[in-house]
Amino acid sequence: MAENHYENPPLTISKIGIIGAGVSGIAAAKQLYHHNPVVFEASDSIGGVWRTCAYNSTKLQSARKDYEFSDFPWPNRDDPSFPTHVEVVDYLESYAKHFDVLKFVKFNSKVMELRFVGQQGTTQLGGNGGAYGSPLPGHPVWQIAVQTNGSQNLQWYAFEFVVVCIGKYGDIPKIPSFPHNKGPEIFQGEVLHSIDYCKLDKDAASQLLKGKKVAVIGYKKSAIDLAVECAEANQGPEGQPCTMVVRTLHWTVPHYSVWGLPFFLFYSTRASQLLHEKPNQSFLRTMLCYLLSPLRRGVSKFIESYLLWKLPLLKYSLKPDHPFEEDYASCQMAIMPENFFTEADKGNIVFKRSSNWWFWKEGIEFDDNTKMKADVVILATGYDGKKKLKTILPDPFRSLIEYHPSGIMPLYRGTIHPLIPNMAFVGYIESVANLHTSELRSMWLARYVDEKFKLPSAENMLEQIYKEMEVSRRITRFYKRHCISTFSINHGDEICEEMGWNSWRKRNWFAEAFSPYGSQDYRLKN
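In case it helps, the numbering used here puts the sequence shown at residues 76 to 601.
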C-alpha cells in the first residue's frame, strides 16, 4: 500500500467515486450518471477481466440474451453461439459510448490508498442505526490516492461516497503454499500463473506450450480452457500431452439443454426455485421445501444422468462425488468446450487426481509417491480478491472484509457492508449471470444514494446477510462463495420491494411461474 507523505494533501472534491471500469463499474457509473461520478480505471480501457484476464479462446458461458443490460440488448441477441471475449468487450464499449459513460472514466489511474475521514463512530453497531445518516452528507468521507500513468506522485481526491468495483478476479493470483525446498524455486522449468498466461498474445502462448510437457493445475473453467489451448498447440507427432492436475472435481455441462429440455426450467424460474430454501422464508415455505426435497434431489440426479451419458466422465474418472446442485448453488458450474474430450480421446489431455503435490527439479511429485516430468507448470488456482481489497482499504475496515467465520465479505443486498460507511461494493456477489446481478444492484444503489429508501440498522442488515450465508452453508459444501443462484429471484424480489417496485415482473401468471428471469424483466418498470 502506498504511503502518503502529506499531512493535508491537495484534494479534488466530488460527490461519488467509483473504483474500476469493468462490467460492475460501468453499470454503477451509468446508474449514478446524474451525480457525475469519477471512475478510476488502472488500465487504458474498460472491460475489466474481459480485457485483462482472458485467454485467446475465452468465451462467455451464457447466451447473449442472458448477458446483457436491461436497456441495451445485443444487436445479434438471438445468435445461439457464445460470444468471444473480444465481442463482450465490444458490447461493453458500445454500452458505455451509447450512454456517454466514458466521459467519467480516468484511465491509467490506479487507486493506491483509501483514507477514511468521516466520523469513526459510524462503524459501530447500534448508534445511529447503521444508516450512517445521508449517503451524501455534503462533506467528504473518503480520500483516495491515485497514481496516474505510473507517476511517482499521487493525486488525492475526496468523495462523499465510494463504490468499489475492482472485483474478485484478476490482479492478485492465489498461489499454493509448498513445503520447504519443494516450491517453484527448485523446479528447472517455467512456472507461471494463469494471470501471466492471459497477457501472452496468440503466438507467444503457442510458443510457450508447443512441444512442451505442460502441467495445468486446477479443474475450473480457466484450467479447462487452458488445457484445450495447450492441446491445440501440440497437434502432430512432436506434440506433448497436457496433464491436468485435479484436486477437486466439479460438474461441467456441454450446453444448456438436458435430455432435450431447456436448462432454465430446472433452476431459473419461480416454480423451480420453490424447491430450494431461501432466506426469510415462512414456516409453511420451510415445510414445503422439506416435502419437496426428494423432487429437488431428483432434479439433480436427472441432470447428472444426462451429463454421465453425454460426457465421458466415468471413462476419465471425472465424476464428482457431490450432487450437481451443490456446484450450481455455489456458482461453480462450467461450460465444457466442445473439443475438450475430443482432445482427451486423442491423448492430448490427460488427468492426474491428487489432493497434494509439490515440485521437484524436473517436474511435479504427488502424494501417492509418483512423479511427472514437466517443462511448464501453469497454476490455474484462482485469484485473491480479498487481498486486493485489503491493499487499499485502511484499518479498521481492512479487518472487516472477512467479518463472518465463513470468510465471505458480509454485504447487504450484495452491495453494502453494514460496518463500512458511505461505501458500496458492486460485483462481489455471484449468480448465474453476473452482469445482470451487478446491474440490478447498481439500480438499487442509485436509489439508495438518492435517498428513495433507508437502510435497516446495521444489526438487521447483518442478520439478513447471515441468513443468506446459512442457507448457502446448508445446501452446498462450497458455501465460502457468496452465490445466490438457487434463490436469485427471491433476492431480486427483495431488492424491488425495497426500491418500491412491483416484485412480480412478468406479463401473466404463467410466464411468472415458468419463464426464466433476466435483465429485461427489470427494464424501467415500476
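Built from N, CA and C at the ideal position, the CB exists for glycine as well.
query, result
"When you compare only the Cα positions, how much space is there between I400 and R552?", "Ile is not the amino acid found at residue 400; the sequence shown has Glu there. Each residue's alpha carbon lies about 11 angstroms from the other."
"From M319 to G293, what distance separates their C-alpha atoms?", "7 angstroms"
"Closer than 8 angstroms by C-beta to G225: which residues in its own chain qualify, once you throw out the five before and the five after it? Chain order, please.", "N183"
"Does E116 come out as helix, strand or coil in the three-state DSSP assignment?", "coil"
"At the level of alpha carbons, what is the spacing between L537 and D443?", "44 angstroms"
"Could you work out which residue in Q106, K465, L510, A302 is closest to V452 when comparing CA atoms only?", "A302"
"In whole angstroms, give me the CA-to-CA distance for P148 and K90.", "30 angstroms"
"Nearest-angstrom Cα distance between N414 and P251?", "29 angstroms"
"Out of curiosity, what's the CA-to-CA distance linking F358 and C364?", "10 angstroms"
"Where are the alpha helix (DSSP H) runs, 4 residues long or more, that stay fully inside the stretch 427-470, in chain order?", "460-465"
"Relative to the C-alpha of S380, which residue among V328, P354, V425, A346 is closest?", "V328"
"Between which residues of its own chain and K249 is the CB-CB distance below 6 angstroms, once the five residues before and five after are set aside?", "T456, G457, Y458, D459"
"Per DSSP, which one or two residues make a beta bridge with S332?", "P337"
"Less than 7 angstroms between C-beta atoms, sequence neighbours within five positions excluded: which residues of the same chain meet that for L200?", "Because L200 carries a pLDDT of 45, less than 50, the predicted location of this residue cannot be relied on, and the following value inherits that uncertainty. For L200, where only same-chain residues beyond five positions count, the Cβ hits under 7 angstroms are A533, E534."
"Could you please give the first and the last residue of the uninterrupted alpha helix (DSSP H) stretch that includes G373?", "368-385"
"Is it true that the CB of A233 sits closer than 8 angstroms to the CB of P254?", "no"
"State the Cα-Cα distance for the pair P485 and S99, rounded to the nearest angstrom.", "18 angstroms"
"Once DSSP output is grouped into helix, strand and coil, what is the label at T197?", "Any reading at T197 must be qualified, since the residue scores a pLDDT of 48, below 50, and its modelled position is unreliable; the value itself is stated next. Three-state result, T197: helix."
"DSSP beta-bridge partners for G92?", "V113, V237"
"Would DSSP call I101 helix, strand or coil?", "helix"
"Helix, strand or coil for P259, going by three-state DSSP, please let me know.", "helix"
"Given a threshold of 16 other Cβ atoms within 10 Å of its Cβ, counted over all protein chains shown, does T198 qualify as buried or as exposed?", "Confidence is the limiting factor: at T198 the pLDDT is only 48, short of 50, which leaves the residue's position unreliable and the question unanswerable from this model."
"From G205 to G92, what does the alpha carbon distance come to, in whole angstroms?", "Residue confidence for G205 is low, a pLDDT of 42 falling below 50, so the modelled location carries little weight and cannot support an answer."
"Under 6 angstroms Cβ to Cβ from S120, same chain only, skipping five residues before and after it: list those, please.", "R126"
"Quick check on DSSP: helix, strand or coil for S563?", "helix"
"By DSSP's criteria, I491 is part of a beta bridge. Which residues make up the other side?", "Y487"
"Could you give the residue range of the alpha helix (DSSP H) that holds Q218?", "Q218 -> not in any alpha helix (DSSP H); beta strand (DSSP E) instead, spanning 217-223."
"Around the Cβ of K542, are there at least 16 other Cβ atoms within 10 angstroms (buried) or fewer (exposed)?", "exposed"
"Roughly how many whole angstroms lie between the Cα atoms of A279 and E418?", "21 angstroms"
"Less than 8 angstroms between CB atoms is the rule here; does W231 satisfy it with respect to chain C?", "Going by chain labels, chain C is absent from the structure shown, which holds only one protein chain."
"Are the beta-carbon atoms of F426 and L393 separated by less than 8 angstroms?", "yes"
"Could you please give the first and the last residue of the uninterrupted beta strand (DSSP E) stretch that includes M498?", "498-500"
"Which value, in whole angstroms, describes the spacing of the CA atoms of Y592 and F585?", "13 angstroms"
"Give me the Cβ distance between A508 and D141, rounded to the nearest whole Å; I'm assuming they're in contact under 8 angstroms.", "5 angstroms"
"By how many angstroms is the C-alpha of E352 removed from the C-alpha of L367?", "11 angstroms"
"For the alpha helix (DSSP H) containing M518, name the first residue and the last one.", "509-524"
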